[in-house]
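S.K.:
In the numbering used here, the protein residues as written are 394 to 728.
See below:
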């Protein structure tokens, strides 16, 4: 009887342990990763104005539609299992929210969103990375004739990205890379897709821009401003997604426990990975070794997606093996 109880107990332990590890693969904190700040994304601009009482009419409407929490969570507009299937997963009219109902206010079709002035030609783009990861950025611009007063559709964007770069360098917590902006005039929108290479997760932003004079509305829209470091820090307590990946916060994303991967910026050749044009990147030295905020930051596979899965599977195997040994020992005692 004792041996049977031992065997049953071993089996029960193994089952519960494996169940716990399995659930751990899909649970845990949601890690925020960033948003475009040059040109300023809609969510970043509205967060900078203040989630509870934004100043512009468009940001007030966004809060009225979706509440202030979406702005506190400004760096988490994502799809966890995108795996490059952006067009299949995000329906027309919901590009700015990535189909996430929490961010539905960002999809409002209006011509008075705070906008960044932009000129055609070479431009240095900046993307605030609150948790750095390896991956590729692709930037699209709206076609001539774009109407901001209508819901944004995939067909409103140029077919191919005008800029695409993999593993750009970081400066003071920002991904920095260069691209050549096509010739445009009036109000347009820059749509960014950041697809991680260490996970199927992807992030999305809409940045309202104006080339020359803003003729999209009856009155010029306010100029968009990116949130300051102080504003970002002050809002962390209200955010429902984790902030981490820089300096002392590396442990929160697992960056301190995973091997840093070399991340020199490389330019995708013309007609490259998705047929898009090459990105000019003359200002992209290889990053220095180590981790932390500042120029030359190395990107690690953080966020608990790649390493956590391997650890969990390994742990499950160890527990299963232990249970099997206990079971075998119990059978030998019975015989």
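Ideal Cβ positions, reconstructed from N, Cα and C, are used throughout, including at glycine.
#1: Taking the continuous beta strand (DSSP E) assigned at residue 582, which residues delimit it?
#2: Helix or strand or just coil, what does DSSP make of residue 479?
#3: By alpha-carbon positions, which one of 469, 487, 627 ends up nearest to residue 549?
#4: Give a yes or no on contact between the segment 571-583 and the segment 443-463, applying the rule of three or more CB pairs nearer than 8 Å.
#5: For residue 531 versus residue 586, is the C-beta spacing smaller than 9 Å?
#6: Can residue 428 and residue 507 be called in contact, C-beta distance under 9 Å?
#7: Check residue 533 in the structure and name its three-state DSSP category.
#8: Grouping DSSP H, G and I as helix and E and B as strand, with all else coil, what is residue 567?
#9: Considering residue 627, what are the terminal residues of the alpha helix (DSSP H) in which it resides?
#10: Who are the Cβ neighbours of residue 495 in its own chain at under 6 Å, not counting the five residues just before and after it?
#11: Just to check my reading of the structure: residue 456 and residue 498 have Cβ atoms closer than 8 Å, yes? What is that Cβ distance to the nearest angstrom?
#12: Closest to residue 504 by C-alpha separation, out of 544, 592, 512, would be which residue?
#13: Can you tell me which residues form a DSSP beta bridge with residue 520?
#14: On a CA-only basis, which of 590, 452, 595, 556 is nearest residue 471? Give me that one, please.
#15: For residue 617 versus residue 601, is the C-beta distance shorter than 9 Å?
#16: In the DSSP assignment, find the unbroken beta strand (DSSP E) run with residue 465 in it and report its ends.
#17: Would you call the CB atoms of residue 555 and residue 541 closer than 9 Å?
#18: Just checking my contact of residue 461 with residue 453 at CB under 8 Å: how many whole Å lie between their CB atoms?
#19: Grouping DSSP H, G and I as helix and E and B as strand, with all else coil, what is residue 599?
#20: DSSP on residue 453, reduced to helix/strand/coil?
#21: From residue 591 to residue 577, what distance separates their C-alpha atoms?
#22: Could you tell me the boundaries of the beta strand (DSSP E) in which residue 556 lies?
#23: Give me whichever residues DSSP pairs with residue 573 in a beta bridge.
#24: What does the Cβ neighbour count give for residue 557, buried or exposed, with the cut at 16 atoms within 10 Å?
#25: Take residue 664 and list the residues in its own chain whose beta-carbon comes closer than 6 Å to its own, dropping the five residues that flank it on each side.
#26: How many angstroms separate the CA atom of residue 485 from the CA atom of residue 598?
#27: Just how far apart, CA to CA, sit residue 538 and residue 466?
#28: Check whether the Cβ atoms of residue 547 and residue 589 sit closer than 9 Å, and answer yes or no.
#29: Please check the pair residue 474 and residue 593, which I expect to be a contact at CB under 8 Å, by giving their CB distance rounded to whole angstroms.
#30: Using a Cβ-Cβ cutoff of less than 6 Å, which residues in the same chain neighbour residue 390 once the five nearest sequence positions on both sides are dropped?
#31: DSSP three-state label for residue 501, please.
#32: Are the CB atoms of residue 625 and residue 432 nearer to each other than 9 Å?
#33: May I have the straight-line CA-CA distance separating residue 517 from residue 430, to the nearest angstrom?
M.R.: Walking through what the data contain:
#1: For the purposes of this step, residue 582 is taken as the residue at position 189 of the chain shown. Where residue 582 is concerned, the enclosing beta strand (DSSP E) stretches over 579-589.
#2: By 1-based counting over the chain shown, the position of residue 479 is 86. In the structure shown, residue 479 sits in a helix (DSSP, three-state: H, G or I).
#3: The sequence position of residue 549 within the chain shown is 156, counting from 1. For residue 549, the nearest C-alpha among the options comes from 487.
#4: Counting C-beta pairs closer than 8 Å gives fewer than three between the segment 571-583 and the segment 443-463, which falls short of the contact rule.
#5: As a position in the chain shown, residue 531 is number 138, starting the count at 1. As a position in the chain shown, residue 586 is number 193, starting the count at 1. Yes, the Cβ-Cβ distance between residue 531 and residue 586 is below 9 Å.
#6: Indexing the chain shown from 1 puts residue 428 at position 35. Indexing the chain shown from 1 puts residue 507 at position 114. Not a contact, by the Cβ cut-off of 9 Å.
#7: Within the chain shown, numbered from 1, the residue matching residue 533 stands at position 140. Per DSSP, reduced to three states, the secondary structure at residue 533 is strand.
#8: In the chain shown, residue 567 corresponds to position 174, counting from 1. Residue state, collapsed to three classes: strand.
#9: For the purposes of this step, residue 627 is taken as the residue at position 234 of the chain shown. Unbroken alpha helix (DSSP H) run through residue 627: 622-628.
#10: The residue you call residue 495 lines up with position 102 of the chain shown. Within the same chain, residue 495 has close Cβ partners 463.
#11: Position 63 of the chain shown, counted from the first residue, corresponds to residue 456. Position 105 of the chain shown, counted from the first residue, corresponds to residue 498. Going by Cβ atoms, the distance from residue 456 to residue 498 rounds to 6 Å, so yes, they are a contact pair.
#12: Position 111 of the chain shown, counting from 1, holds the residue named residue 504. In this structure, 544 is the residue among 544, 592, 512 with its C-alpha nearest to the C-alpha of residue 504.
#13: Reading the chain shown from its first residue, position 127 is the one you call residue 520. Looking at the DSSP output, residue 520 sits in a beta bridge with 429, 568.
#14: Numbered from its first residue, the chain shown carries residue 471 at position 78. The candidate whose alpha carbon is nearest that of residue 471 is 595.
#15: Position 224 of the chain shown, counted from the start, is the residue given in the question as residue 617. Position 208 of the chain shown, counted from the start, is the residue given in the question as residue 601. Residue 617 places its beta carbon less than 9 Å from that of residue 601.
#16: In the chain shown, residue 465 corresponds to position 72, counting from 1. Premise fails: residue 465 lies in the alpha helix (DSSP H), 462-465, not in any beta strand (DSSP E).
#17: Within the chain shown, numbered from 1, the residue matching residue 555 stands at position 162. Within the chain shown, numbered from 1, the residue matching residue 541 stands at position 148. If you check the CB distance, residue 555 and residue 541 do not come in under 9 Å.
#18: What you label residue 461 is simply residue 68 of the chain shown in a count that begins at 1. What you label residue 453 is simply residue 60 of the chain shown in a count that begins at 1. With 8 Å as the limit, residue 461 and residue 453 do not qualify as a contact, their Cβ atoms being about 11 Å apart.
#19: Position 206 of the chain shown, counting from 1, holds the residue named residue 599. Assignment of residue 599 by DSSP, reduced to helix, strand and coil, places it in the strand class.
#20: The residue labelled residue 453 in the question sits at position 60 within the chain shown. For residue 453, the three-state secondary structure derived from DSSP is helix.
#21: Residue numbering aside, residue 591 sits at position 198 when the chain shown is read from its first letter. Residue numbering aside, residue 577 sits at position 184 when the chain shown is read from its first letter. The alpha-carbon atoms of residue 591 and residue 577 are separated by roughly 35 Å.
#22: For this step, residue 556 is matched to residue 163 along the chain shown. Unbroken beta strand (DSSP E) run through residue 556: 556-559.
#23: As a first step, residue 573 must be located in the chain shown, where it is residue number 180. As DSSP reads the structure, residue 573 sits in a beta bridge with 515.
#24: Residue mapping note: residue 557 aligns to position 164 of the chain shown, counting from 1. Buried, since its Cβ has 16 or more Cβ neighbours within 10 Å.
#25: Taking the first residue of the chain shown as 1, we reach residue 664 at position 271. Residue placement at residue 664 cannot be trusted, given a pLDDT of 41 that sits under 50; the coordinates are not used to answer.
#26: The count along the chain shown starts at 1 and reaches residue 485 at position 92. The count along the chain shown starts at 1 and reaches residue 598 at position 205. In a straight line, the C-alpha of residue 485 is about 15 Å away from that of residue 598.
#27: Position 145 of the chain shown holds residue 538. Position 73 of the chain shown holds residue 466. Near 32 Å, if we compare the C-alpha coordinates of residue 466 and residue 538.
#28: Counting from one through the chain shown, the residue named residue 547 turns up at place 154. Counting from one through the chain shown, the residue named residue 589 turns up at place 196. Not a contact, by the Cβ cut-off of 9 Å.
#29: Taking the first residue of the chain shown as position 1, residue 474 is located at position 81. Taking the first residue of the chain shown as position 1, residue 593 is located at position 200. 5 Å between Cβ atoms; contact.
#30: Nothing in the structure corresponds to residue 390, since the chain is present only between 394 and 728.
#31: As a working mapping, residue 501 is identified with position 108 in the chain shown. When DSSP states are grouped into helix, strand and coil, residue 501 belongs to the coil group.
#32: In the chain shown, residue 625 corresponds to position 232, counting from 1. In the chain shown, residue 432 corresponds to position 39, counting from 1. The answer is no: Cβ separation not under 9 Å.
#33: For the purposes of this step, residue 517 is taken as residue 124 along the chain shown, with counting starting at 1. For the purposes of this step, residue 430 is taken as residue 37 along the chain shown, with counting starting at 1. Cα to Cα, the separation comes out at about 11 Å.
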